[in-house]
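Residue numbering for the sequence shown follows the working numbering, starting at 1483 and increasing by one per position.
Single-structure report; data block below.
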Amino acid sequence: QVQLVESGGGKVQPGGSLRLSCAASGIIFSIYTMGWYRQAPGKQRELVAAITAGDSTNYVDSVKGRFTISRDNAKNTVYLQMNSLKPEDTAVYYCNANHVLFAYDYWGQGTQVTVAA
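In structure tokens form, the structure reads like this:
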């Protein structure tokens, strides 16, 4: 059974930092592209950051220079370090595991991030 369990969300003031974690089980973690998505109320879910099995990364323009995605294959965990948070970063953040070749795609349950004074 595949599980992706996110943690680390919460409420933070503008300019603050949070680190999200996503622990995976039931998959060969090291061969998956791992991604963080977010969905704000009334908006579509968007890709925030992704890291491939080869450690290549990409980010949505709005978070470049502020967020950093990383992975620890020994712990089957992907992280999203979020700095200089803005109110517009408020959303539910979801972890995703994707393997294009095998057409596998898995989602976590989401964790709320709220940026407000």
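Note that the Cβ used here is the ideal one computed from N, Cα and C, for glycine as well.
Cα-Cα separation between residue i and residue j, rounded to whole angstroms
i	j	result
Glu1570	Leu1486	25 Å
Asp1543	Ser1503	21 Å
Gly1592	Gln1483	18 Å
Same chain only: Cβ atoms within 7 Å of residue i, ignoring 5 sequence neighbours per side
i	result
Val1597	Val1494, Pro1496, Leu1567, Lys1568, Pro1569, Asp1571 and Thr1572
Residue i burial status per 10 Å Cβ neighbour count (16 or more: buried)
i	result
Ile1551	buried
Gly1508	exposed
Leu1500	buried
Phe1584	exposed
Ile1533	buried
Other residues of its chain near residue i: CB distance less than 6 Å, five sequence neighbours each side excluded
i	result
Arg1527	Tyr1519 and Gln1521
DSSP beta-bridge partners of residue i
i	result
Asp1587	Asn1580
Member of the options whose CA lies at the smallest distance from the CA of residue i
i	options	result
Ala1535	Met1564, Ala1506, Gln1563 and Asn1580	Asn1580
Asn1565	Val1545, Asn1540 and Lys1525	Val1545
Asn1540	Met1516, Gln1594 and Ser1489	Met1516
Proximal residues to residue i (C-beta, below 8 Å), its chain only, five neighbours per side dropped
i	result
Ser1538	none
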